[in-house]
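Participant: Quick one: the structure is below, questions incoming.
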Amino acid sequence: MSPAGERTNLPELRFDGRVAVITGAGNGLGREHARLLSARGAAVLLNDVNSADEAAEEIAGGGGTVSAVTSDIASTGGATAVVDAAMDAYGRVDIVVNNAGILRADDLADTTDEVLDEVLGVNLRGAFRVTRAAWPHLSRQGYGRVVFTSSNSGLLGVPGSGAYAASKAALWGLTRVLALEGGPLGIRTNAIAPIAFTRMSQQSRAAPESWRSGTGDAWASRLAPSLVSPTVAWLVHQDCDLNGEVLSVGGGRVARFFVGLTPGMVDDALTPESVRNHQDQILAEEGYEVLDSAADEGRRLHRRLMRRG
(Lines of atoms letter the chains of each structure in order from A and count residues from 1; the text may use other names and numbers.)
(Lines give C-alpha, C1' and ligand atoms only; values in the text may rest on other atoms or scores of the structure.)
Protein backbone atom coordinates (compact mmCIF):
# COMPACT_ATOMS: atom_id res chain seq x y z
CA MET A 1 0.00 0.00 0.00
CA SER A 2 1.04 3.58 -0.59
CA PRO A 3 1.38 5.94 2.41
CA ALA A 4 -2.14 7.20 1.70
CA GLY A 5 -3.54 3.67 1.90
CA GLU A 6 -4.02 3.27 -1.84
CA ARG A 7 -3.76 -0.27 -3.19
CA THR A 8 -1.63 -0.33 -6.33
CA ASN A 9 -0.46 -2.85 -8.92
CA LEU A 10 -3.85 -4.58 -8.95
CA PRO A 11 -5.65 -5.75 -12.11
CA GLU A 12 -8.28 -3.65 -13.86
CA LEU A 13 -11.79 -4.21 -12.54
CA ARG A 14 -13.81 -6.06 -15.19
CA PHE A 15 -17.43 -7.19 -15.46
CA ASP A 16 -17.15 -9.83 -18.18
CA GLY A 17 -20.05 -12.28 -17.91
CA ARG A 18 -22.01 -10.02 -15.57
CA VAL A 19 -25.42 -8.52 -16.35
CA ALA A 20 -26.35 -5.10 -15.00
CA VAL A 21 -29.81 -3.54 -14.78
CA ILE A 22 -29.67 0.26 -14.59
CA THR A 23 -32.77 2.40 -14.17
CA GLY A 24 -32.97 6.02 -15.25
CA ALA A 25 -30.17 5.28 -17.70
CA GLY A 26 -31.28 7.48 -20.57
CA ASN A 27 -29.32 10.52 -19.41
CA GLY A 28 -27.08 11.91 -16.70
CA LEU A 29 -25.72 9.63 -14.03
CA GLY A 30 -27.47 6.49 -15.24
CA ARG A 31 -26.12 6.85 -18.75
CA GLU A 32 -22.60 7.31 -17.41
CA HIS A 33 -22.99 4.23 -15.21
CA ALA A 34 -24.11 2.24 -18.26
CA ARG A 35 -21.22 3.49 -20.40
CA LEU A 36 -18.63 2.55 -17.81
CA LEU A 37 -19.99 -0.89 -16.94
CA SER A 38 -20.41 -1.70 -20.62
CA ALA A 39 -16.87 -0.57 -21.40
CA ARG A 40 -15.66 -2.88 -18.63
CA GLY A 41 -17.42 -5.90 -20.15
CA ALA A 42 -20.89 -6.03 -18.58
CA ALA A 43 -24.04 -6.71 -20.55
CA VAL A 44 -26.37 -3.85 -19.67
CA LEU A 45 -30.15 -3.56 -19.57
CA LEU A 46 -31.07 0.12 -19.69
CA ASN A 47 -34.36 1.41 -18.35
CA ASP A 48 -35.72 4.89 -18.94
CA VAL A 49 -39.22 6.01 -19.86
CA ASN A 50 -37.91 8.58 -22.33
CA SER A 51 -34.49 7.95 -23.86
CA ALA A 52 -33.45 4.37 -23.11
CA ASP A 53 -33.37 3.43 -26.80
CA GLU A 54 -31.14 6.38 -27.70
CA ALA A 55 -28.70 5.55 -24.91
CA ALA A 56 -28.67 1.89 -25.92
CA GLU A 57 -27.88 2.79 -29.53
CA GLU A 58 -24.94 4.90 -28.42
CA ILE A 59 -23.49 2.16 -26.22
CA ALA A 60 -24.07 -0.52 -28.84
CA GLY A 61 -22.33 1.70 -31.37
CA GLY A 62 -19.27 1.61 -29.15
CA GLY A 63 -19.27 -2.18 -29.16
CA GLY A 64 -21.19 -2.75 -25.94
CA THR A 65 -23.74 -5.45 -25.24
CA VAL A 66 -26.91 -3.58 -24.36
CA SER A 67 -30.70 -3.77 -24.39
CA ALA A 68 -33.34 -1.21 -23.49
CA VAL A 69 -36.80 -1.19 -21.95
CA THR A 70 -39.00 1.88 -21.45
CA SER A 71 -41.41 0.58 -18.80
CA ASP A 72 -42.38 2.82 -15.87
CA ILE A 73 -40.87 1.41 -12.68
CA ALA A 74 -43.37 3.32 -10.53
CA SER A 75 -45.78 0.42 -11.14
CA THR A 76 -45.20 -3.15 -10.03
CA GLY A 77 -45.72 -4.40 -13.57
CA GLY A 78 -43.29 -1.87 -15.01
CA ALA A 79 -40.61 -2.68 -12.46
CA THR A 80 -40.99 -6.40 -13.01
CA ALA A 81 -40.80 -5.87 -16.77
CA VAL A 82 -37.33 -4.37 -16.39
CA VAL A 83 -35.95 -7.44 -14.68
CA ASP A 84 -37.87 -9.78 -17.00
CA ALA A 85 -36.31 -8.02 -19.99
CA ALA A 86 -32.83 -8.63 -18.60
CA MET A 87 -33.60 -12.29 -17.97
CA ASP A 88 -35.05 -12.69 -21.48
CA ALA A 89 -32.06 -11.00 -23.11
CA TYR A 90 -29.21 -12.43 -21.04
CA GLY A 91 -30.55 -15.21 -18.83
CA ARG A 92 -29.37 -13.71 -15.57
CA VAL A 93 -29.09 -10.57 -13.45
CA ASP A 94 -26.04 -9.83 -11.30
CA ILE A 95 -26.18 -6.09 -10.71
CA VAL A 96 -29.04 -3.68 -9.99
CA VAL A 97 -28.30 0.04 -10.05
CA ASN A 98 -31.36 1.99 -8.92
CA ASN A 99 -30.71 5.39 -10.44
CA ALA A 100 -34.12 6.57 -11.68
CA GLY A 101 -35.44 9.59 -9.81
CA ILE A 102 -37.47 12.77 -10.08
CA LEU A 103 -37.36 16.03 -8.13
CA ARG A 104 -40.25 18.37 -7.38
CA ALA A 105 -39.12 21.54 -5.58
CA ASP A 106 -42.07 22.54 -3.39
CA ASP A 107 -42.40 23.75 0.18
CA LEU A 108 -44.31 21.40 2.44
CA ALA A 109 -47.55 23.40 2.33
CA ASP A 110 -47.45 23.40 -1.47
CA THR A 111 -46.71 19.69 -1.87
CA THR A 112 -49.90 18.03 -3.05
CA ASP A 113 -50.77 14.38 -2.58
CA GLU A 114 -50.28 13.94 -6.33
CA VAL A 115 -46.73 15.31 -6.16
CA LEU A 116 -45.91 13.22 -3.10
CA ASP A 117 -47.19 10.05 -4.76
CA GLU A 118 -45.34 10.83 -7.98
CA VAL A 119 -41.99 11.36 -6.25
CA LEU A 120 -42.31 8.40 -3.89
CA GLY A 121 -43.56 6.28 -6.79
CA VAL A 122 -40.33 6.61 -8.76
CA ASN A 123 -37.65 7.32 -6.17
CA LEU A 124 -38.69 4.89 -3.45
CA ARG A 125 -41.34 2.47 -4.66
CA GLY A 126 -39.70 2.08 -8.06
CA ALA A 127 -36.31 1.27 -6.53
CA PHE A 128 -37.98 -1.10 -4.07
CA ARG A 129 -39.97 -2.88 -6.78
CA VAL A 130 -37.11 -3.31 -9.23
CA THR A 131 -34.89 -4.70 -6.49
CA ARG A 132 -37.68 -6.96 -5.24
CA ALA A 133 -38.16 -8.33 -8.75
CA ALA A 134 -34.44 -9.07 -9.08
CA TRP A 135 -33.99 -10.46 -5.56
CA PRO A 136 -35.10 -14.06 -6.25
CA HIS A 137 -32.64 -14.29 -9.15
CA LEU A 138 -29.80 -12.90 -7.05
CA SER A 139 -30.67 -15.20 -4.16
CA ARG A 140 -30.92 -18.28 -6.34
CA GLN A 141 -27.46 -17.78 -7.83
CA GLY A 142 -25.96 -16.81 -4.45
CA TYR A 143 -24.53 -13.59 -5.80
CA GLY A 144 -25.64 -10.04 -6.40
CA ARG A 145 -24.77 -6.38 -6.10
CA VAL A 146 -27.39 -3.67 -5.49
CA VAL A 147 -26.84 0.09 -5.41
CA PHE A 148 -29.44 2.66 -4.44
CA THR A 149 -29.15 6.37 -5.22
CA SER A 150 -29.82 8.42 -2.11
CA SER A 151 -29.04 12.13 -1.76
CA ASN A 152 -27.55 14.59 0.68
CA SER A 153 -30.90 16.39 0.35
CA GLY A 154 -32.50 13.44 2.09
CA LEU A 155 -29.72 12.75 4.56
CA LEU A 156 -29.07 16.38 5.54
CA GLY A 157 -32.01 18.37 4.19
CA VAL A 158 -32.59 21.15 1.67
CA PRO A 159 -35.55 23.54 1.92
CA GLY A 160 -38.23 22.96 -0.68
CA SER A 161 -37.54 19.27 -1.21
CA GLY A 162 -39.75 17.53 1.34
CA ALA A 163 -41.12 14.78 -0.90
CA TYR A 164 -37.77 14.21 -2.59
CA ALA A 165 -35.86 14.19 0.70
CA ALA A 166 -38.34 11.77 2.27
CA SER A 167 -37.90 9.35 -0.63
CA LYS A 168 -34.12 9.56 -0.58
CA ALA A 169 -33.81 9.24 3.19
CA ALA A 170 -36.02 6.15 3.05
CA LEU A 171 -33.49 4.52 0.73
CA TRP A 172 -30.94 4.66 3.55
CA GLY A 173 -33.17 2.43 5.66
CA LEU A 174 -33.84 0.11 2.73
CA THR A 175 -30.11 -0.16 2.05
CA ARG A 176 -29.44 -1.16 5.65
CA VAL A 177 -32.23 -3.74 5.74
CA LEU A 178 -31.23 -5.39 2.47
CA ALA A 179 -27.60 -5.46 3.57
CA LEU A 180 -28.68 -7.54 6.56
CA GLU A 181 -31.07 -9.74 4.59
CA GLY A 182 -28.79 -10.20 1.61
CA GLY A 183 -25.44 -10.62 3.32
CA PRO A 184 -25.90 -14.32 4.13
CA LEU A 185 -27.14 -14.88 0.54
CA GLY A 186 -24.07 -13.42 -1.13
CA ILE A 187 -25.81 -10.15 -2.02
CA ARG A 188 -24.16 -6.84 -1.15
CA THR A 189 -26.31 -3.69 -0.98
CA ASN A 190 -24.93 -0.16 -0.77
CA ALA A 191 -25.95 3.36 -1.76
CA ILE A 192 -24.44 6.53 -3.11
CA ALA A 193 -25.34 10.14 -2.38
CA PRO A 194 -24.09 11.82 -5.57
CA ILE A 195 -23.29 15.47 -6.21
CA ALA A 196 -23.27 16.13 -9.95
CA PHE A 197 -24.38 18.64 -12.56
CA THR A 198 -27.39 16.94 -14.13
CA ARG A 199 -30.84 17.85 -15.39
CA MET A 200 -32.21 17.07 -11.94
CA SER A 201 -29.68 19.21 -10.09
CA GLN A 202 -30.68 22.15 -12.26
CA GLN A 203 -34.16 21.96 -10.73
CA SER A 204 -32.95 22.28 -7.14
CA ARG A 205 -33.90 25.44 -5.29
CA ALA A 206 -30.34 25.51 -3.98
CA ALA A 207 -28.86 25.54 -7.50
CA PRO A 208 -27.27 28.81 -8.70
CA GLU A 209 -28.92 30.68 -11.57
CA SER A 210 -26.32 29.47 -14.04
CA TRP A 211 -27.31 25.89 -13.21
CA ARG A 212 -31.03 26.51 -13.49
CA SER A 213 -30.53 28.07 -16.93
CA GLY A 214 -28.58 25.00 -18.03
CA THR A 215 -25.40 26.91 -18.92
CA GLY A 216 -23.50 25.81 -15.84
CA ASP A 217 -20.31 27.33 -14.44
CA ALA A 218 -16.84 26.27 -13.35
CA TRP A 219 -18.30 24.47 -10.33
CA ALA A 220 -20.75 22.59 -12.52
CA SER A 221 -17.98 21.48 -14.88
CA ARG A 222 -16.09 20.11 -11.87
CA LEU A 223 -19.11 18.00 -10.93
CA ALA A 224 -19.27 15.84 -14.04
CA PRO A 225 -21.54 12.76 -13.75
CA SER A 226 -18.65 10.67 -15.08
CA LEU A 227 -16.85 11.29 -11.77
CA VAL A 228 -19.63 9.46 -9.90
CA SER A 229 -19.77 6.28 -11.96
CA PRO A 230 -16.39 4.81 -10.93
CA THR A 231 -17.62 4.54 -7.34
CA VAL A 232 -20.76 2.77 -8.52
CA ALA A 233 -18.60 0.41 -10.56
CA TRP A 234 -16.55 -0.48 -7.49
CA LEU A 235 -19.64 -1.05 -5.35
CA VAL A 236 -21.09 -3.50 -7.89
CA HIS A 237 -17.87 -5.39 -8.52
CA GLN A 238 -17.46 -8.91 -7.20
CA ASP A 239 -14.31 -7.91 -5.28
CA CYS A 240 -16.15 -5.25 -3.26
CA ASP A 241 -17.20 -6.53 0.16
CA LEU A 242 -18.80 -3.31 1.43
CA ASN A 243 -22.34 -3.88 2.63
CA GLY A 244 -24.85 -1.39 3.99
CA GLU A 245 -22.70 1.68 3.30
CA VAL A 246 -23.73 5.07 1.90
CA LEU A 247 -20.95 6.87 0.05
CA SER A 248 -21.00 10.56 -0.81
CA VAL A 249 -19.58 10.98 -4.32
CA GLY A 250 -18.87 14.14 -6.30
CA GLY A 251 -16.11 15.79 -8.27
CA GLY A 252 -13.73 12.88 -7.71
CA ARG A 253 -14.15 12.97 -3.91
CA VAL A 254 -15.55 9.85 -2.25
CA ALA A 255 -16.52 9.86 1.44
CA ARG A 256 -18.66 7.92 3.87
CA PHE A 257 -21.96 8.94 5.41
CA PHE A 258 -22.82 7.14 8.64
CA VAL A 259 -25.21 7.35 11.58
CA GLY A 260 -23.50 7.84 14.92
CA LEU A 261 -25.09 7.26 18.31
CA THR A 262 -23.87 9.42 21.18
CA PRO A 263 -23.46 8.00 24.70
CA GLY A 264 -26.28 10.26 25.88
CA MET A 265 -27.53 10.10 29.43
CA VAL A 266 -29.55 7.76 31.64
CA ASP A 267 -32.04 8.79 34.28
CA ASP A 268 -34.19 6.05 35.79
CA ALA A 269 -36.72 8.67 36.83
CA LEU A 270 -36.68 10.56 33.53
CA THR A 271 -38.68 13.79 33.43
CA PRO A 272 -39.04 16.54 30.81
CA GLU A 273 -36.87 18.69 33.04
CA SER A 274 -34.04 16.16 33.18
CA VAL A 275 -34.05 15.93 29.38
CA ARG A 276 -33.86 19.72 29.23
CA ASN A 277 -31.11 19.87 31.84
CA HIS A 278 -28.95 17.26 30.08
CA GLN A 279 -29.49 18.38 26.50
CA ASP A 280 -25.82 19.24 25.97
CA GLN A 281 -24.78 15.81 27.23
CA ILE A 282 -27.32 14.11 24.97
CA LEU A 283 -26.04 15.98 21.91
CA ALA A 284 -22.32 15.73 22.71
CA GLU A 285 -20.52 13.88 19.92
CA GLU A 286 -17.58 12.58 21.93
CA GLY A 287 -17.55 8.82 22.20
CA TYR A 288 -20.19 8.18 19.52
CA GLU A 289 -20.68 4.69 18.13
CA VAL A 290 -21.48 3.46 14.62
CA LEU A 291 -23.81 0.49 15.00
CA ASP A 292 -24.47 -2.37 12.61
CA SER A 293 -28.22 -2.73 13.11
CA ALA A 294 -31.21 -1.73 15.20
CA ALA A 295 -30.77 -4.95 17.15
CA ASP A 296 -27.22 -3.89 17.97
CA GLU A 297 -28.49 -0.73 19.64
CA GLY A 298 -31.05 -2.75 21.56
CA ARG A 299 -28.39 -5.10 22.87
CA ARG A 300 -26.13 -2.26 23.91
CA LEU A 301 -28.94 -0.43 25.63
CA HIS A 302 -29.86 -3.64 27.47
CA ARG A 303 -26.29 -4.05 28.70
CA ARG A 304 -26.09 -0.44 29.81
CA LEU A 305 -29.40 -0.36 31.66
CA MET A 306 -29.52 -3.85 33.12
CA ARG A 307 -25.97 -3.78 34.50
CA ARG A 308 -26.53 -0.56 36.38
CA GLY A 309 -26.91 -0.70 40.12
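Numbering (the working numbering), first residue to last: 9 to 317. The C-beta atom is built at its ideal place from N, Cα and C for all residues, glycine as well.
Starting from I291, trace the alpha helix (DSSP H) in both directions and tell me its first and last residue.
Facilitator: Position 283 of the sequence shown, counting from 1, holds the residue named residue 291. The residue asked about is misnamed: residue 291 is Leu in this sequence, not Ile. Q287 to L291 is the extent of the alpha helix (DSSP H) around L291.
Participant: Does the contact criterion of 3 or more C-beta pairs under 8 Å hold for the region 123–142 versus the region 268–277?
Facilitator: no
Participant: Less than 8 Å separating the beta-carbons of I81 and N55?
Facilitator: The residue labelled residue 81 in the question sits at position 73 within the sequence shown. The residue labelled residue 55 in the question sits at position 47 within the sequence shown. Between I81 and N55, the CB-CB gap stays under 8 Å.
Participant: Helix, strand or coil: which one does DSSP assign to F23?
Facilitator: The residue you call residue 23 lines up with position 15 of the sequence shown. Reduced to three states, the DSSP call for F23 is coil.
Participant: Three or more C-beta pairs under 8 Å: does that hold for the region 233–241 against the region 41–50?
Facilitator: Verdict: yes, contact present.
Participant: Consult DSSP for S301 and reduce its assignment to one of helix, strand or coil.
Facilitator: One-based indexing of the sequence shown puts residue 301 at position 293. The answer is coil: DSSP assigns S301 none of H, G, I, E or B.
Participant: Taking just the CA atoms, how far does R184 sit from E253?
Facilitator: Counting from one through the sequence shown, the residue named residue 253 turns up at place 245. Counting from one through the sequence shown, the residue named residue 184 turns up at place 176. Spanning the alpha carbons of E253 and R184 requires a straight line of approximately 8 Å.
Participant: With a cut-off of 8 Å on the beta carbons, I'd call A201 and F265 a contact; round off their distance for me.
Facilitator: Within the sequence shown, residue 201 is the residue found at index 193, counting from 1. Within the sequence shown, residue 265 is the residue found at index 257, counting from 1. So it is a contact: roughly 6 Å between Cβ atoms.
Participant: Could you please give the first and the last residue of the uninterrupted alpha helix (DSSP H) stretch that includes S256?
Facilitator: As a working mapping, residue 256 is identified with position 248 in the sequence shown. Counting along the chain, S256 sits inside no alpha helix (DSSP H); it lies in the beta strand (DSSP E) bounded by residues V254 to G258.
Participant: What residues are listed by DSSP as bridge partners for D114?
Facilitator: Within the sequence shown, numbered from 1, the residue matching residue 114 stands at position 106. Partner(s): S169.
Participant: Under the assumption that N198 contacts N160 (Cβ atoms under 8 Å), give the Cβ distance between them as a whole number of angstroms.
Facilitator: Along the sequence shown, read from residue 1 onward, the residue named residue 198 stands at position 190. Along the sequence shown, read from residue 1 onward, the residue named residue 160 stands at position 152. With 8 Å as the limit, N198 and N160 do not qualify as a contact, their Cβ atoms being about 16 Å apart.
Participant: Quick one: what's got a C-beta closer than 6 Å to C248's C-beta in the same chain, skipping five residues either side?
Facilitator: Taking the first residue of the sequence shown as 1, we reach residue 248 at position 240. Cβ neighbours of C248 beyond the five flanking positions: W242.
Participant: Below 6 Å CB to CB, which residues in the same chain sit around A50 once its five sequence neighbours on both sides are set aside?
Facilitator: As a first step, residue 50 must be located in the sequence shown, where it is residue number 42. Answer for A50: F23, R26 and A28, listed in chain order.
Participant: Would you tell me roughly how many angstroms separate the C-alpha atoms of V104 and R311, rounded to the nearest one?
Facilitator: In the sequence shown, residue 104 corresponds to position 96, counting from 1. In the sequence shown, residue 311 corresponds to position 303, counting from 1. If you draw a straight line from the Cα of V104 to the Cα of R311, it is about 39 Å long.
Participant: Give me the Cβ distance between V77 and A63, rounded to the nearest whole Å; I'm assuming they're in contact under 8 Å.
Facilitator: Counting from one through the sequence shown, the residue named residue 77 turns up at place 69. Counting from one through the sequence shown, the residue named residue 63 turns up at place 55. Between A63 and V77 the Cβ distance is about 12 Å, and since that is not below 8 Å, they are no contact.
Participant: One question on the structure: do E293 and T279 come within less than 8 Å of each other, judged by their Cβ atoms?
Facilitator: Stepping through the sequence shown from its first residue, residue 293 is reached at position 285. Stepping through the sequence shown from its first residue, residue 279 is reached at position 271. Going by C-beta atoms, E293 is not nearer than 8 Å to T279.
Participant: Please list the segments of the alpha helix (DSSP H) lying wholly inside the region 34–116, counting only runs of 4 or more residues, in order along the chain.
Facilitator: 36–47, 60–69 and 84–98
Participant: For W180 versus S158, is the C-beta distance shorter than 8 Å?
Facilitator: Counted from its first residue, the sequence shown places residue 180 at position 172. Counted from its first residue, the sequence shown places residue 158 at position 150. Yes, Cβ-Cβ distance for W180 and S158 is below 8 Å.
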